[in-house]
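Report on the structure given below.
Numbering (full-length UniProt numbering), first residue to last: 1 to 277.
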């Protein structure tokens, strides 16, 4: 049975609503799948967020985010690991499908991206026993190369899958179209992810032309150049038919509109611009 449903990453209405208000807005439109951010959960309290999730039968397609493993010294790396263990605990309490990992970039003052990537591998390996014991899958999200220095030194789906192969069960990937659409090896990488059983999440938005801000100007689906139906077709051909999670950071546009209007457009574009062809 297909569970190709619409999920709303709560970053999409971050400036309009807190956690409870976003849930109310989603439920009013019949949306029962969400993906919150840890700061949104912390603002209302983990216990209350968990109560809201369970009372409304919500599906959490992910919790954003863990990661940020590299650091300049052992103390910083330990602090990152401790925070990631807390993130695993939060994901377990909320019943999230996965904990999304934005792995981190270069430590301050470093120019050694090879070392940063090694620290990422070591950090996930150290986190993995706790995640497995807690029943929380870890979803590595490769980010566009423009973020390699400050946000994520894992930049292609194949890089993420190499980590999954090295680390073993309990680690997979979150495929965010904003970050991977440009990759000439994307079709082969998605097929590889399917063979590995590694696909844990599919995030959607669009790439505006021109893009006014490389972080905070994601487009609504259908307003940019990403072949959303084509990528979805690859993902479904790879054997995964899970939710499509709308994640839009849009300081100049969608964050300026009423939350209910944003959700209404998300629903319309999910049907008109995001289905596999």
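Quick reminder that beta carbons are idealized off the backbone N, C-alpha and C, glycines included.
Because the structure is a prediction, the values reported are computed rather than measured.
Item to complete: State the start and end residues of the unbroken alpha helix (DSSP H) segment that holds residue 226.
Response: The residue labelled residue 226 in the question sits at position 226 within the chain shown. First-last for residue 226: undefined, no H or E at that position.
* **Environment of residue 66 [buried if 16+ CB atoms lie within 10 Å]** => On the chain shown, residue 66 is found 66 positions in, with the first residue counted as 1. Residue 66 is buried by the Cβ-count criterion.
Looking at residue 163 and residue 121, is the spacing between their C-beta atoms short of 9 angstroms? Your numbering for residue 121 matches position 121 in the chain shown. Your numbering for residue 163 matches position 163 in the chain shown. Yes, the pair counts as a contact, with Cβ atoms nearer than the cut-off.
Would you report the Cα separation of residue 175 and residue 101, rounded to the nearest angstrom?
As a working note, residue 175 is residue 175 in the chain shown. As a working note, residue 101 is residue 101 in the chain shown. Whole-angstrom Cα-Cα distance: 12 angstroms.
Q. Skipping 5 residues on each side, what residues in its chain have a beta carbon closer than 6 angstroms to that of residue 286?
A. Because the chain spans 1 through 277 in this model, residue 286 falls outside it and cannot be assessed.
message = If the criterion is Cβ atoms closer than 9 angstroms, does the pair residue 95 and residue 150 meet it?
response = The residue you call residue 95 lines up with position 95 of the chain shown. The residue you call residue 150 lines up with position 150 of the chain shown. In this structure, residue 150 does not lie closer than 9 angstroms to residue 95 by Cβ.
**OP:** Could you check if residue 13 is buried or exposed, using at least 16 other CB atoms within 10 Å of its CB as the buried criterion?
**Re:** Here the question's residue 13 lines up with position 13 in the chain shown. Its Cβ being crowded by 16 or more others within 10 Å, residue 13 is buried.
* **Beta bridge counterpart(s) of residue 60 as assigned by DSSP** => Numbered from 1 along the chain shown, position 60 holds the residue referred to as residue 60. Bridge partners of residue 60: 34.
Using DSSP bridges, identify the partner residues of residue 152.
-> Along the chain shown, read from residue 1 onward, the residue named residue 152 stands at position 152. DSSP lists 104 as partners of residue 152.
- Unbroken alpha helix (DSSP H) runs of length 4 or more, entirely within the stretch 173-238: which are they? 177-180, 186-196, 228-237
- Message: I need the DSSP call for residue 138, collapsed to helix, strand or coil.
- Response: Along the chain shown, read from residue 1 onward, the residue named residue 138 stands at position 138. Judged by DSSP in its simplified three-state form, residue 138 adopts strand.
message = Tell me which residues share the same chain as residue 127 and place their Cβ nearer than 8 angstroms to its Cβ, disregarding the 5 neighbours each side in the sequence.
response = If you number the chain shown from 1, residue 127 lands on position 127. Contacts found: 66, 81, 84, 85, 88, 138.
Task: Spatial distance of residue 165 from residue 257 (CA atoms) - done: As a position in the chain shown, residue 165 is number 165, starting the count at 1. As a position in the chain shown, residue 257 is number 257, starting the count at 1. So the alpha carbons of these two residues sit roughly 42 angstroms apart.
Check your understanding: Under the DSSP definition of a beta bridge, which residues are partnered with residue 250?
Key -> Here residue 250 corresponds to residue number 250 of the chain shown, with the count starting at 1. According to DSSP, residue 250 bridges with 217.
| In three-state DSSP terms, what is residue 113? | In the chain shown, the residue the question calls residue 113 occupies position 113. Helix, per DSSP.
| Helix, strand or coil for residue 4 per DSSP? | Here residue 4 is taken as the residue at index 4 of the chain shown, counted from 1. Here residue 4 sits in coil by DSSP.
Report task. Give the DSSP bridge partners of residue 66, in chain order. Result -> Sequence index remark: in the chain shown, residue 66 carries index 66 (1-based). Its beta-bridge partners are 101.
Same chain, Cβ closer than 6 angstroms to residue 222, five either side skipped, listed in chain order:
As a working note, residue 222 is residue 222 in the chain shown. Closer than 6 angstroms at the Cβ level, and outside the excluded window around residue 222, lie 269, 273.
Q) In whole angstroms, what separates the C-alpha of residue 52 from that of residue 20? A) Here residue 52 refers to the residue found at position 52 when the chain shown is read from its first residue. Here residue 20 refers to the residue found at position 20 when the chain shown is read from its first residue. Whole-angstrom Cα-Cα distance: 8 angstroms.
Problem set entry | residue 257 - DSSP class collapsed to helix/strand/coil | Working through the chain shown from its first residue, we reach residue 257 at position 257. Correct three-state label for residue 257: coil.
When burial is assigned at 16 or more other CB atoms within 10 Å of the CB, is residue 1 buried or exposed? Against the chain shown, residue 1 aligns to sequence position 1. Low confidence applies to residue 1: its pLDDT is 42, below 50, so where it sits in the model is not reliable enough to give any reading.
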